[in-house]
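Protein chains: 2
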Amino acid sequence: MPWSFRPHSMSLAVAGLVALAALPVLAGPPSDATRQAARASLQEWIDVLALPNDANVPADIQKNVAWFAKAFERRGFAVSQLANGDKPMLLATQTPAAGNRKTVLFYAHLDGQAVKPEEWQQSSPWKATLKQRTADGRWAELPIERLQGEKIDPEWRVFARSSSDDKAPIVMLLAALDALKAEGREAGVDIKVLLDSEEEKGSPTLGRVIGENLQALQADAMVVLDGPMHASNRPTLVFGNRGVAQATLTVYGASQELHSGHYGNYAANPAQSLARLLASMKDDEGRVLVKGYYDGIELDSQARAVMQAVPDDEAALRRRLGIAQAESVGGSYQESMQYPSLNVRGLQSAEVGPKARTVIPATAVAEIDMRTVPETPPERLEKLLRAHIEAQGFHLTEGAPSADERARHPRLATLKMGGVSASGSAVRTPLDAPVGQWLRRGMDRAWGSAPVQIRMMGGTVPTGAAVQALGIPFVIVPLVNADNNQHSFNENMRLGNYFDGVHSLVNMLAEPF
Amino acid sequence: MPWSFRPHSMSLAVAGLVALAALPVLAGPPSDATRQAARASLQEWIDVLALPNDANVPADIQKNVAWFAKAFERRGFAVSQLANGDKPMLLATQTPAAGNRKTVLFYAHLDGQAVKPEEWQQSSPWKATLKQRTADGRWAELPIERLQGEKIDPEWRVFARSSSDDKAPIVMLLAALDALKAEGREAGVDIKVLLDSEEEKGSPTLGRVIGENLQALQADAMVVLDGPMHASNRPTLVFGNRGVAQATLTVYGASQELHSGHYGNYAANPAQSLARLLASMKDDEGRVLVKGYYDGIELDSQARAVMQAVPDDEAALRRRLGIAQAESVGGSYQESMQYPSLNVRGLQSAEVGPKARTVIPATAVAEIDMRTVPETPPERLEKLLRAHIEAQGFHLTEGAPSADERARHPRLATLKMGGVSASGSAVRTPLDAPVGQWLRRGMDRAWGSAPVQIRMMGGTVPTGAAVQALGIPFVIVPLVNADNNQHSFNENMRLGNYFDGVHSLVNMLAEPF
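Line by line, the protein sequences are chains A and B. The numbers in the first sequence follow the numbering used here, run straight up by one, and end at 523. The numbers in the second sequence follow the numbering used here, run straight up by one, and end at 523.
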């Protein structure tokens with residue numbers, strides 16, 4: 011996630027709006043039981059971090075499944091492995107279910123990104139390593155036994171693959187269950203947990219696996235425990251994510267590369283034609299000019315208040331990105347993410363650099379990705395894009411144009427859509443959906459203030475497939491520090507976030523839906 | 011050269027205009043002496059084709075220089091090797107000079123393109139191979155001795171590296187000298203011959219070598235014996251060629267590639283910005299919109315008549331290129347070549363195809379070439395292009411922008427000009443210059459009709475350096491068939507063109523300047 015902002019205080023008026031009329035609750039610090047359960051869970055976390063979990067190695071995935079199965083069984087859950095080739099997913103169901111409560115399905119994933127151990131500043135990415143930041147900004151190792159000591163500094167971090175993405179949230183959930191049990195409290199909801207085994211590969215099978223286990227997975231809402239919190243490190247709820255659709259646009263010139271001397275000024279240049287075509291699609295400020303592209307998107311005052319309350323520091327963001335100003339699709343970063351994008355992700359025609367030759371290229375290609383929102387499904391955007399290209403005088407062919415098509419049409423192009431899978435779908439839960447209200451109440455109880463609420467994150471997460479298959483609302487509840495280096499080397503989890511997350515989860519789970 | 015047209019007849023009215031009031035002359039067929047000299051020269055041609063002449067192998071170049079030195083010495087020329095590292099050029103000067111006549115410097119080159127022998131359909135590219143086209147369009151070998159026989163079919167061809175480019179024209183010139191001598195006729199001009207040794211490498215040293223030998227090379231005009239004739243295969247004179255200047259245009263986005271989900275709609279995309287910038291440079295019909303780009307170019311009625319008389323078959327050309335219509339820079343192919351071009355010869359931003367990722371690229375690059383005409387030197391076009399880019403709101407930096415430049419300017423780009431050497435200069439001789447009149451008279455005498463006259467060819471030839479250094483007018487007199495496969499494998503020379511060319515040269519040389 012992109013945020014790198016500093017927290018700022020929110021006006022009470024906006025906070026009221028944003029809290030969406032939640033009942034006042036009395037927030038309290040973590041209970042002793044929560045503290046103890048969280049501390050006790052650290053050893054389990056370290057143990058499971060020792061298990062490699064690259065989804066390319068089925069045997070490793072199976073070991074992780076077995077480990078988590080036991081951990082949930084110990085807490086009285088019924089577990090089953092959901093068939094998925096040689097990389098089963100894990101379903102854990104709280105028993106006995108109370109029956110008269112709502113059921114929440116927690117989604118997380120036990121697989122992790124591949125590693126290159128030589129990049130890591132520790133003996134192994136599979137050996138949890140405790141580190142403390144030194145005065146000069148480096149990370150210095152501490153004995154891992156310090157986690158058993160009296161004082162744990164919230165600024166310490168545990169470094170390991172999947173320390174944050176995504177094993178910590180699962181173990182934090184285990185700790186929260188332990189805390190509730192230690193206090194003799196009932197959860198406010200029935201709990202199911204689904205652990206994906208191929209999330210880092212884009213969850214290619216998630217929709218199918220869910221479809222095959224609809225009954226077992228039935229729930230009233232899904233809570234996704236994944237991803238980083240807002241960069242302000244304040245408790246965060248994410249209500250939606252954009253989808254993604256891809257297209258390849260090819261513009262054709264002459265039937266082969268031409269000598270730019272003999273034909274320059276005579277045969278049209280496809281790179282130039284493509285440039286003109288792309289230029290026609292967006293205005294100077296980044297707004298898409300394709301007719302109807304933004305149709306159906308409306309941001310009411312509630313949505314605007316929620317977006318405005320997000321403590322983004324856009325000046326710092328622009329500084330970090332190295333840009334003097336943002337595009338004008340939305341009036342703010344948050345608003346910009348509410349609209350579909352039209353992005354040239356790659357461009358090529360003939361060669362640049364030392365391999366460039368003085369030719370008129372024969373073709374020019376733009377790779378495009380469109381981040382979709384629920385109002386703008388890929389099929390509609392494709393139709394609009396086609397109509398736009400044709401309105402610019404291009405004749406669209408299926409593949410490379412034939413001699414006959416070349417003779418008849420001065421402008422020729424193809425538009426080929428990439429396969430759009432459900433895991434690339436845009437999904438959004440209404441801000442006032444019951445699951446959102448429930449989560450806000452839990453967060454309010456834990457922290458005494460409204461969480462950062464993201465109406466729509468810009469990126470795409472593969473849970474769209476789950477949401478569509480189950481037909482239930484979802485909210486992402488990220489619990490890990492934004493600067494956790496996920497997907498990269500030196501992935502880490504801040505211990506303060508670990509303890510805060512357990513506190514959030516305890517209050518969530520205790521709250522009646 | 012590009013032409014692939016069929017001949018068509020020219021109206022007498024246009025022919026008159028085009029002949030530029032040449033005196034009526036009596037055309038005649040080749041004399042017996044011409045025929046005999048041409049036939050006798052075939053063996054010399056075959057001999058010299060056996061000498062490899064890749065300019066990357068100095069020893070081979072030296073052998074060719076020695077061979078041509080002897081050939082000219084035998085004809086009473088004084089020869090000298092002009093110092094040029096280990097690849098000397100050859101100067102041959104007719105002696106004694108008449109003194110009261112104009113001097114014409116013939117330029118040709120003795121080096122050839124590198125070969126890949128395995129691509130050639132003959133035992134060696136260095137073994138002249140006689141071939142005849144079969145009924146089904148293939149080329150069948152004939153015994154090379156057939157060239158000594160009674161009947162030589164003008165459609166036969168000799169295949170070898172440099173058979174056409176550019177040894178044939180030199181040997182044809184030798185044959186024309188022999189023919190004149192056999193007839194006891196005086197040449198109408200004093201003759202100098204300069205043989206370049208690095209033309210296929212772009213004549214990087216030609217300007218310097220000429221500068222060091224100005225006195226010895228002094229002449230009233232230069233005639234370039236190189237390049238293919240008009241595709242109609244009619245006698246051809248070329249009065250000018252466009253130059254070439256190169257530029258690399260880079261547009262900058264954020265300081266690194268960004269996730270297209272998290273930042274799409276927020277951080278401007280440099281590929282999109284580049285597209286908009288390129289689109290602003292040309293209109294839909296290919297005309298350059300950069301202010302002042304075409305300033306100073308005027309085509310008078312004489313120029314228009316000459317262009318119109320060129321027997322181009324543009325419908326066939328468009329068919330061959332696979333384009334439905336031409337750009338509108340000029341009303342015809344010939345007119346289009348009278349203007350500078352602005353050509354995107356390469357385009358790249360991030361990646362396309364399987365390597366494409368969902369990113370907002372950090373940079374986008376367009377490689378540009380501008381074919382210049384004498385009215386539009388590269389320095390002026392660069393200035394206009396810079397002004398245009400700045401007028402579109404871009405701040406031009408010297409290299410990659412600094413953090414400070416990034417903070418201050420929303421649109422950033424660099425424009426880096428490629429080194430423009432004199433060998434890439436545009437040059438043009440006035441159509442009514444004395445050398446042109448002289449050549450037309452010779453052609454008229456040989457053929458009884460005006461030659462095809464190209465005011466300006468679209469491509470660039472490296473003789474610009476020679477023309478600039480010597481400060482004399484030049485005309486290109488191509489003598490070889492347009493379909494000679496020059497620079498490629500199976501290079502060949504049509505024997506009809508060989509004999510016709512000798513006839514043209516005899517009549518040129520005999521004509522008083």
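Heads up, the beta-carbon is just placed ideally off N, CA and C, and yes, glycines get one too. All values reported here derive from a predicted model rather than from experimental measurement.
Which listed residue (the options) has its alpha carbon closest to that of residue i
i: V362(B); options: W136(A), I56(A), H119(A) and R355(A); result: R355(A)
i: V89(A); options: T105(A), E501(A) and L235(A); result: T105(A)
i: Q266(A); options: A47(A), W448(A), P371(A) and A313(A); result: P371(A)
i: E324(B); options: A124(B), E389(B), A241(B) and R390(B); result: A241(B)
i: F87(A); options: D379(A), S213(A) and L184(A); result: L184(A)
i: A192(A); options: T44(A), R111(A) and R286(A); result: T44(A)
i: V125(A); options: A366(A), M182(A), A65(A) and E155(A); result: A65(A)
i: N353(B); options: V339(B), A79(B) and D305(B); result: V339(B)
i: T215(A); options: H119(A), G296(A), E408(A) and M453(A); result: H119(A)
i: L190(B); options: F404(B), L61(B) and R85(B); result: R85(B)
i: L100(A); options: E208(A), Q123(A), R367(A) and N491(A); result: E208(A)
i: K112(B); options: I333(B), Y273(B), H513(B) and I482(B); result: I482(B)
i: N223(A); options: L204(A), E400(A) and A47(A); result: L204(A)
i: L365(B); options: R367(A), L357(A) and V369(A); result: Correcting the residue identity first, residue 365(B) is Lys in this sequence and not Leu. Cα-wise, what sits closest to K365(B) is L357(A).
Host beta strand (DSSP E) of residue i (start-end)
i: M291(B); result: Counting along the chain, M291(B) falls outside any beta strand (DSSP E), though it belongs to the alpha helix (DSSP H) covering P280 to M291.
i: K202(B); result: D200 to D206
i: G253(B); result: G253 to Y262
i: L425(B); result: L422 to M427
i: G356(A); result: N353 to A360
Residues of its chain near residue i, where Cβ-Cβ distance is below 8 Å and the 5 sequence neighbours each way are ignored
i: M317(A); result: L309, S342, Q344, E345, Q348 and R465
i: N478(A); result: The sequence given here places Gln at residue 478(A); Asn does not occur at that position. Answer for Q478(A): G217, A432, S435 and V437, listed in chain order.
Contact set for residue i: own chain, Cβ-Cβ below 6 Å, skip 5 residues either direction
i: E392(B); result: M427
i: P488(A); result: G237, P238, M239 and T246
i: A374(A); result: V261, P280, A281, L284 and S359
i: F499(A); result: E129 and W130
i: P552(A); result: Look at the range of chain A in this structure, 11 to 523, and you will see that residue 552(A) is not part of it.
i: M232(A); result: L115, Y117, I482 and F484
N- and C-terminal bounds of the alpha helix (DSSP H) containing residue i
i: T44(B); result: D42 to L59
i: D379(A); result: Taken as a continuous stretch (DSSP letters only), D379(A) belongs to no alpha helix (DSSP H), being part of the beta strand (DSSP E) at T373 to T382.
i: V445(A); result: P444 to W457
i: H513(B); result: L505 to A520
i: I220(A); result: L216 to E222
i: N74(B); result: P68 to R84
i: R195(B); result: It is not in any alpha helix (DSSP H) - R195(B) carries neither H nor E in the DSSP assignment.
i: K393(A); result: P388 to A401
Any C-beta of chain D under 7 Å from that of residue i
i: T424(A); result: The structure shown has no chain D; the protein chains it does contain are A and B.
Same chain, Cβ closer than 7 Å to residue i, neighbours up to 5 away in sequence not counted
i: T134(A); result: The displayed chain sequence assigns Ser, not Thr, to residue 134(A). Counting only Cβ-Cβ distances below 7 Å, and skipping sequence neighbours, we find P127.
i: R167(B); result: K141, N502, M503, R504 and L505
i: R143(A); result: W149 and E165
i: H419(A); result: H405
i: R156(A); result: L140
i: E295(A); result: E337 and S338
Distance between beta carbons of residue j and residue i, contact taken as under 8 Å
i: W55(A); j: A178(A); result: 7 Å
i: D121(B); j: I180(B); result: Contact doesn't hold; Cβ gap of about 12 Å is too wide.
i: A257(A); j: L395(A); result: 7 Å
i: V254(B); j: R381(B); result: 6 Å
i: I220(B); j: A443(B); result: With a Cβ gap of about 20 Å, I220(B) and A443(B) do not count as contacting.
field: Within 8 Å of chain B by C-beta, residues of the region 370–392 of chain A in sequence order
entry: Listed by position along the chain: I370, P371, A374, V375, A376, E377, D379 and R381.
task: Check each residue of the region 214–247 of chain A: if its Cβ is closer than 8 Å to any Cβ of chain B, include it; give the result in chain order.
output: none
field: Residues of the region 400–420 of chain B with Cβ closer than 7 Å to any Cβ of chain A, in chain order
entry: A413, R416, A417, R418, H419 and P420
task: Report the residues of the region 134–157 of chain B with a CB closer than 8 Å to any CB of chain A, ordered along the chain.
output: none
message: If the cut-off is 8 Å on Cβ atoms, which residues from the region 465–490 of chain A count as contacting chain B, listed in chain order?
response: M467, G468, G469 and T470
- prompt: Along the region 354–370 of chain B, what residues have a CB closer than 9 Å to any CB found in chain A?
  reply: V354, R355, G356, L357, Q358, S359, A360, E361, V362, G363, K365, A366, R367, T368, V369 and I370
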